[in-house]
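Protein sequence lines correspond, in order, to chains X and D.
The numbering used here puts the first residue of the first sequence at 13, with every later residue one more than the last.
The numbering used here puts the first residue of the second sequence at 61, with every later residue one more than the last.
All C-beta atoms, glycine included, are put in the ideal place defined by N, C-alpha and C.
All of these numbers come straight from a predicted model, not from anything done at the bench.
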Amino acid sequence: MRGLIRGMQPVAGKPVRDLRADVFRGIALWFILIDHIPGNWLGGLTLRNVALCDATEAFVLLAGYAAGLAYGAVLDRRGWAFAAAALLRRLGTLYVAHIFLFVVFTAQVGYSAAALESSAYLDEMHLDAFGEQPYLALLQALLLRFQPAFLDILPLYIALLLMLVPALPLLRRPLLLLGLSGLAYAGVRVLDINLPNWTGGGWFFNPLAWQLLFFTGALLGYVPRRRRPAPAVPFHPLLIGAAVAVLVLGLGIVLLGDYGEQWLAALPQPLADLLTTIDKTGLHPFRLLSVLALAYLVGHAVPRGAHWLRSRAATPFVLMGQHGLPVFCAGIFLAFLGRLALEMDDRWPMQLAVNLAGLASLVSIGVVGAWYRMRERGDSPQHATNPVPVGLRVPVESTTTVT
Amino acid sequence: MTLGAGRVLLLLGLLLASPPARAGGMACDAPPDLLAANAALPATARAATGGSLRILVVGSASVLGPGTSGPSAAWPARLEALIRARVPQIRLEVVTRGARGLTTAETGAMIAAELAREPFNLVLWQAGTAEAVRGLDLDEMVEELNEGLGRIVAAGADAVLMDQQFSRFIRANANVDAYRDALRLTAAAHGVPVLRRWDLMQAWAEADIVDIERAGRHEKVAATDKLNDCLAQAMQALIRDGVAEARGRPGQR
Chain X
13 MRGLIRGMQP VAGKPVRDLR ADVFRGIALW FILIDHIPGN WLGGLTLRNV ALCDATEAFV
73 LLAGYAAGLA YGAVLDRRGW AFAAAALLRR LGTLYVAHIF LFVVFTAQVG YSAAALESSA
133 YLDEMHLDAF GEQPYLALLQ ALLLRFQPAF LDILPLYIAL LLMLVPALPL LRRPLLLLGL
193 SGLAYAGVRV LDINLPNWTG GGWFFNPLAW QLLFFTGALL GYVPRRRRPA PAVPFHPLLI
253 GAAVAVLVLG LGIVLLGDYG EQWLAALPQP LADLLTTIDK TGLHPFRLLS VLALAYLVGH
313 AVPRGAHWLR SRAATPFVLM GQHGLPVFCA GIFLAFLGRL ALEMDDRWPM QLAVNLAGLA
373 SLVSIGVVGA WYRMRERGDS PQHATNPVPV GLRVPVESTT TVT
Chain D
61 MTLGAGRVLL LLGLLLASPP ARAGGMACDA PPDLLAANAA LPATARAATG GSLRILVVGS
121 ASVLGPGTSG PSAAWPARLE ALIRARVPQI RLEVVTRGAR GLTTAETGAM IAAELAREPF
181 NLVLWQAGTA EAVRGLDLDE MVEELNEGLG RIVAAGADAV LMDQQFSRFI RANANVDAYR
241 DALRLTAAAH GVPVLRRWDL MQAWAEADIV DIERAGRHEK VAATDKLNDC LAQAMQALIR
301 DGVAEARGRP GQR
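See below:
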């Protein structure tokens, strides 16, 4: 299985593929699957239980990283127009995937309502916006203005990539991009601006706020031509200390919310209000800081050449990360099946079955994706680690990567 | 020899089969920690000492007892009956307001209107279901709760929140956990007790005490009646705990 990994062995004259991004994206994708199945016992063991950020933040940061790496390289080699076209092609794929998943969701609601004889719920709770106004619901879904529960990450991702199209050239002017992005983030949070949602309110993940995390990732991933990849943010004891402090504070806040809620009342009201209004929708600054601190610490704790990245245990996750788009979409789909299964029975044999089948499916999608890509290019596993020279690479080679 | 073994087995079987010697627990055997108020209800305690108690119940459909055998089986009506049975000498008035699909903003406005009309000692506020199920703004729900709880305290009353009903269907089709957590934390920040209906109903469903989603077509009304009665008992236990806390907790629970 390890032979399927891209960038397994370093190749002379070519920057080493950073497997860290792949393995952590793989783990984030697995956590997203787990967290998308409420009632799943493993949900008590994912990142969100110990940090003020979760797999969504990690996924968006790494998606930005991958996009900066891939489309930044295309930009440098072929210019903005070509890179923009490649991005739009990728956007088209994501859009179609989202609409497919929307159709699946609609079918799931209908099925589980029938299975539990809970048509009363549909009626009572307006859950069935689709049943009430099917034509309008379809139109709103196509406009990304109707996002049922658990179908909110893909629209966010689509909006973020769309914003990257005009912002691509700014990858070469990191300070300007970061300044504009930060300004927009602050403005959106202060003025409470969000994209509209048909059923009321705004998007569950506000892309106008989340773009800061995405563009930060893109700037970290972008490697300017004729320059060796350097650590994006250099090691500094003070920064390490600050990052640790942020994470410890975050852990404290999470534990307080989960186990010590009765102490909240003893805090001064403004502080208690602050702690209970750390929102995910607008990517609260605490959450942003938490994920950046986590990334900084992990980036320096795990060296690029860490042995375990190439170990047997890490392989499934690396493969999942390298084929992120199909794995992500399949994960959303598998989450539907998992929720239906736990709806029927949520005792431990079913918990075990759902989680084993879920992870096995994700891994096999990564494996099949890698195998197919290798065959498509006529490579044998031995040659796969010996890619074509950099200058001739097909720019959209990342069709099987989340970028 | 074989007879002896058979007897032992028989005895063992009888021992295992005999029902566990267990007294009926409080509130349909609800887990005790779900009946703890973790906060004081001083206005309610004062009113009860004074011999008259006025309770306002506001929420969406569930305060009206949909699916029960009639209005008297809805949990607010059952709660009223339970309190009357326990303290017959008290002058008790329970006012219930609600309608299907109301949001927190709408029930909050309802509470404000009722409090402006006449005083209450205790407001039971069921919230968060419409938001969770329709995927409405989480922040907006929190803001409305903050505002509403502040208003209740300013009116000299106690508040108790009630969260979403447990349902495997809702769990599978709506992002309910985010809304439950937000409601729980907001209440905690105000030092307001929450009747954790989701956890209670899940515990009852797992212990086969009452599970309306698994009840057959013909048992559904009876199961819904029982659920409302269990909820009323749980709410009564929670209020008693909050009153005991306000009185410095000498004994009763």
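Cβ-Cβ distances below 8 Å link E273/D to S227, R228, F229, A265 in the same chain, with the five nearest sequence neighbours on each side left out; the list follows chain order.
Counting along the chain, M356/X sits inside the alpha helix (DSSP H) bounded by residues 336-356.
Look at M20/X here: in three-state DSSP terms it is coil, with no helix or strand label. In terms of Cα proximity to N367/X, the closest of N52/X, M20/X, D34/X, A33/X is N52/X.
When only Cα atoms are considered, T128/D and R277/D end up about 13 Å apart. Interface with chain D (8 Å Cβ-Cβ cutoff): E355/X is included.
Contacts with chain D (Cβ-Cβ distance below 8 Å) from the stretch 341-354 of chain X involve R351, L352, L354, listed in chain order. Under a 10 Å Cβ-count criterion, D204/X is classified as exposed, with fewer than 16 other Cβ atoms of the shown protein chains found around its own Cβ. Closer than 8 Å to the CB of S302/X there is not a single CB belonging to chain D. Shown in chain order are the members of the stretch 42-55 of chain X whose Cβ falls below 7 Å from a Cβ of chain D: P50, G51. Inclusion of G84/X and V177/X in the CB contact set at 8 Å is not warranted, their separation being larger than that value.
By the Cβ-count criterion, Q145/X is exposed, with fewer than 16 other Cβ atoms from all chains shown falling within 10 Å of its own Cβ. Between the stretch 103-122 of chain D and the stretch 131-151 of chain D there are three or more inter-stretch CB-CB distances shorter than 8 Å, so the stretches are counted as touching. Contact between L103/X and L207/X is ruled out by a C-beta separation of about 16 Å, above the 8 Å threshold. If you ignore the 5 residues before and after L243/D, its C-beta comes within less than 6 Å of the C-beta of G188, D223, all in its own chain and listed in chain order. In chain order, V183, A219 place their CB closer than 6 Å to the CB of I212/D, counting only its own chain and leaving out the 5 sequence neighbours on each side. Here the stretch 129-141 of chain D makes contact with the stretch 279-292 of chain D; the two share three or more CB pairs at distances below 8 Å. Where R240/D is concerned, the enclosing alpha helix (DSSP H) starts and stops at 236-250. Shown here for A190/D: same chain residues with a beta carbon closer than 8 Å to its own, the five before and five after excluded, namely S120, G161, L162, T163, T164, L196 in chain order.
Non-local C-beta neighbours of A70/X in its own chain, meaning closer than 6 Å and more than five positions away in sequence, comprise A40, ordered along the chain.
From the beta-carbon of D197/D, the residues of chain X found nearer than 8 Å are G212, G213, G214, T293. Taking C-beta atoms as the reference points, F142/X and T105/X fail to come closer than 8 Å. The stretch 191-227 of chain X is shown to contain no whole beta strand (DSSP E) run of 3 or more residues. Between the stretch 190-201 of chain X and the stretch 33-50 of chain X there are fewer than three C-beta pairs closer than 8 Å, too few to call the two in contact. Ranking E305/D, D271/D, V281/D by CA distance to the CA of C88/D puts D271/D first. Where T128/D is concerned, there is no enclosing alpha helix (DSSP H), because DSSP gives it neither an H nor an E.
Here V330/X is buried: its Cβ has 16 or more other Cβ atoms, across all protein chains shown, within 10 Å. The Cβ atoms of A232/D and E355/X lie closer than 8 Å to each other. Relative to the Cα of V303/X, the nearest Cα in the group L59/X, M20/X, H48/X belongs to L59/X.
Under the DSSP assignment, I115/D falls outside any alpha helix (DSSP H), being part of the beta strand (DSSP E) whose first and last residues are 112-119.
Residue pairing for G158/D: DSSP places it in a beta bridge opposite G119/D. By the Cβ test, the stretch 296-303 of chain D is in contact with the stretch 93-102 of chain D, since at least three Cβ pairs between them sit closer than 8 Å. The contact set of A99/D on chain X, defined by CB atoms closer than 8 Å, consists of Q274, A277 in chain order. For the stretch 70-84 of chain X, the set of positions with a beta-carbon nearer than 7 Å to some beta-carbon of chain D is empty. The continuous stretches of beta strand (DSSP E) do not include M175/X, which lies in the alpha helix (DSSP H) extending over residues 165-179. DSSP, read as helix, strand or coil, puts M222/D in strand.
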